[in-house]
């Protein structure tokens, strides 16, 4: 691993994740319940959730910058009910569905300021042009394997795993390795 990348992996304090293409695969299935209610189902990897837990356990603040509503909101709500959050050991995950009228950069500037974190101390994982401007500001830029070429070209790290299929966990493992932390030594969620 290059020294500059290791330094960035060791120095960031906050991680911003996009929804579709990063947390979810980017594919969706639409259906209708027996009562006629429309539903949208998306696919994600449970190991990515564990990767988020690893990062939160070492003090990384995590947020989602996505216009995504459901099912992301209910998943974030579930992550925020983990015992480590209830005990005050981990900060809750925030999401920016209500601030995105400012654009991702504006919403993130508001959040970063409230967290006392600079753009240089921020890692951003995105996959598409809608992430480009925010990624350009971030100190550490990460793209999953399925990201568009323009995003991969900008990224400091491109994971081998695809978004929604282990990319977040792979990134978390890189962070733990760079910081000399064993995943086995981290407290349970």
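Residue numbers (our numbering): 1378 to 1566.
Glycine is no exception: its CB is placed at the ideal position from the N, C-alpha and C atoms.
Through-space distance from residue 1435 to residue 1556, alpha-carbon basis: 10 Å
Whole-angstrom distance between residue 1493 and residue 1482, CA atom to CA atom: 16 Å
Residue burial classification, residue 1425 (beta-carbon count within 10 angstroms, cutoff 16): buried
Reduced DSSP secondary structure (H/G/I, E/B, other) of residue 1435: coil
Within 9 Å, strictly: CB atoms of residue 1552 and residue 1431: yes
Beta-carbon separation (whole angstroms), residue 1393 vs residue 1499, contact threshold 8 Å: 6 Å
Residue 1517 classed as buried or exposed, judged by whether at least 16 other C-beta atoms fall within 10 angstroms: buried
Helix, strand or coil at residue 1547 according to DSSP, with G and I counted as helix: helix
Spatial neighbours of residue 1544 in its chain, beta-carbon cut-off 6 Å, leaving aside the 5 residues before and after: 1521, 1536, 1538
Unbroken stretches of the beta strand (DSSP E), 3 residues or longer, contained in the region 1489 to 1547: 1499 to 1502, 1517 to 1520
CB of residue 1540 within 9 Å of CB of residue 1388, strictly: no
Given residue 1505 as reference, the closest of 1412, 1526, 1385, 1381 once Cα atoms are compared: 1526
Three-state secondary structure (DSSP) of residue 1552: helix
Same chain only: Cβ atoms within 8 Å of residue 1438, ignoring 5 sequence neighbours per side: 1390, 1391, 1392, 1468, 1492, 1494
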